[in-house]
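Each protein sequence line maps, in turn, to chains A and B.
The opening position of the first sequence corresponds to residue 105 in my numbering, with each subsequent residue numbered one higher.
The opening position of the second sequence corresponds to residue -14 in my numbering, with each subsequent residue numbered one higher.
In this text, a Cβ means the ideal position worked out from N, Cα and C, and glycines have one as well.
Remember, predicted model here, so these are calculated numbers, not experimental data.
What follows is a set of notes on a single structure, which appears directly below.
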Amino acid sequence: MNLANELTAQNGTPENWLPLLELAVREVFEIMLGCKLELAGEDSPVKCEFTSMVGLAGQLCGVFTMKCSAHSASLMASRMLGIDPKDTNEQMWDAIGEISNMIAGNFKNKLTGVADHCMLSVPTVITGGDYSMHSLADAGSIETKFLFEGSPICVTLEIHS
Amino acid sequence: MSKVRALIVDDSSVMRKIVERSLRQAGIDLAEVKEASNGAEALGVLNETQVDLILCDINMPVMDGLEFLGQMKGLPNAQNVPVVMITTEGSESHVVQALSVGARGYIRKPFTPEQVKEHVVPLLDANK
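Now the structure itself:
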C-alpha cells in the first residue's frame, strides 16, 4: 500500500477531514487567543489583506492557508500578546504566521498515523490581496470560514496527491 | 520556589512573549528572561549566562531545537539545565527523539499556562 492509500485508509478521504480542520482551528483560537469562533457562511466575503501559508510535506502534502483582514490580523496579535491592537505593528505577521503554524500542526496531529510522517514548513505571510496563487495541489481542497470578532477569516487546505 | 533565570528559544518573537507570560501565569517567579531566535543564538547566550530553565522550539532556522539540545550538553554550565521543548511537532517520534537527546519535558502548541506549570514546576523543584 502506498503512502497516499495508507493515509486514506486510516483517515477517510479529504472531504471527510473538514470537521478535523474546524476543530483544529477552534482549539488554537480558544487556547491561544481566548476566543470562541463561530462558523461563517460559505459565501461570507473575506477581506484578504493578510495570507499566511504553511507547507506540508511527507505522507500528507499540500499547502495550508489562512486569509484575513488587516484588522483581524491586528486583533489576533493583540489577543496573543495582551496589548492594544494599535500597538501590534510588525507583530501581526509573526502572530498570524504562528497561528497558522499551530493550526496546521494541530490538524496533522489529529489525522491517524500522519504526525510522524509529515513535516511542516516555516510559515510565509503575504501582505495584500492583489495576487493569484497557483498551487500544484491536485487532490482537492477543504475550506472553512469562521467569524473572528465579527470579521470572516478563511482557512484552506489544498492537498497534493 | 526561588527566582528563576529562564532562556526562551523560538524563532517567533510573539511566541517567546507568550511563553514568558505563561511562565508568569504558572506562578513561576522569574528573575531574568533571556531570549534567542534559534539554537545557535541560544548557545551564545549560554556561553555568557547561567540559566535555570530552557524552553525551546524544535523547528527553527539556522539551528533547530534538537541540534541545540545535543550541542548544549557539551557546555559545562548548561549540561544539567532542564530543557522543555514547546513545539507544533507533536508526533511520537519527535517526542522520543527530543527526550533521547536530553529534553526533560515536551509541550505541544497550542498550550495553556496550566500545561506549562505541570511540566516546568516539577523540574525546578527537582533541581533545587
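Given a cut-off of 8 Å, decide if B/Lys19 and B/Val30 are closer than it, judged by their beta-carbon atoms. Walking along the second sequence from the start, residue 30 of chain B turns up at place 45. Walking along the second sequence from the start, residue 19 of chain B turns up at place 34. Yes, the Cβ-Cβ distance between B/Val30 and B/Lys19 is below 8 Å.
Which residues of the region 189 to 205 of chain A have a Cβ closer than 8 Å to any Cβ of chain B? Give them in chain order. Gln195, Asp198, Ala199, Gly201, Glu202, Asn205
Return the first residue and the last residue of the alpha helix (DSSP H) that A/Glu134 is part of. Within the first sequence, residue 134 of chain A is the residue found at index 30, counting from 1. Looking at the DSSP string, the run of the alpha helix (DSSP H) that includes A/Glu134 is 122 to 137.
Taking contact to mean at least 3 C-beta pairs separated by less than 8 Å, is the region 215 to 227 of chain A in contact with the region 127 to 144 of chain A? no
Can you have a look at A/Leu124 and say buried or exposed, based on whether 16 or more other CB atoms are within 10 angstroms of its CB? Here residue 124 of chain A corresponds to residue number 20 of the first sequence, with the count starting at 1. By the 10 Å Cβ count, A/Leu124 comes out buried.
Rounding to the nearest angstrom, what Cα-Cα distance links A/Ser173 and A/Ala243 in this structure? Mapped onto the first sequence, residue 173 of chain A falls at position 69. Mapped onto the first sequence, residue 243 of chain A falls at position 139. Taking the straight line from one Cα to the other gives about 28 Å.
Nearest residue (CA-CA) to A/Gly116, options A/Ile257, A/Ser236, A/Lys214: If you number the first sequence from 1, residue 116 of chain A lands on position 12. The shortest Cα separation from A/Gly116 among A/Ile257, A/Ser236, A/Lys214 belongs to A/Lys214.
Give the range of the alpha helix (DSSP H) segment to which A/Met196 is assigned. Start at 1 with the first residue of the first sequence, and residue 196 of chain A comes out as number 92. Run containing A/Met196: 195 to 214, per the alpha helix (DSSP H) assignment.
Counting beta carbon pairs with one atom in the region 195 to 204 of chain A and one in the region 56 to 71 of chain B, are three or more of them shorter than 8 Å? no
Would you call B/Val81 buried or exposed, if buried means 16 or more other Cβ atoms sit within 10 Å of its Cβ? Taking the first residue of the second sequence as 1, we reach residue 81 of chain B at position 96. That one is exposed.
Contact set for B/Ala11: own chain, Cβ-Cβ below 8 Å, skip 5 residues either direction: In the second sequence, the residue the question calls residue 11 of chain B occupies position 26. So the qualifying residues of the chain are Pro98, Glu99, Val101, Lys102, Val105, Val106.
Determine, for B/Leu48, whether the minimum Cβ-Cβ distance to residues of chain A falls below 8 Å. Walking along the second sequence from the start, residue 48 of chain B turns up at place 63. A small fix is needed here, since residue 48 of chain B is Met in this sequence, not Leu. Not an interface residue.
Report yes if the CB atom of A/Ala219 is closer than 8 Å to the CB atom of A/Gly166, and no otherwise. Residue 219 of chain A sits at position 115 when you count from the first residue of the first sequence. Residue 166 of chain A sits at position 62 when you count from the first residue of the first sequence. The answer is no: Cβ separation not under 8 Å.
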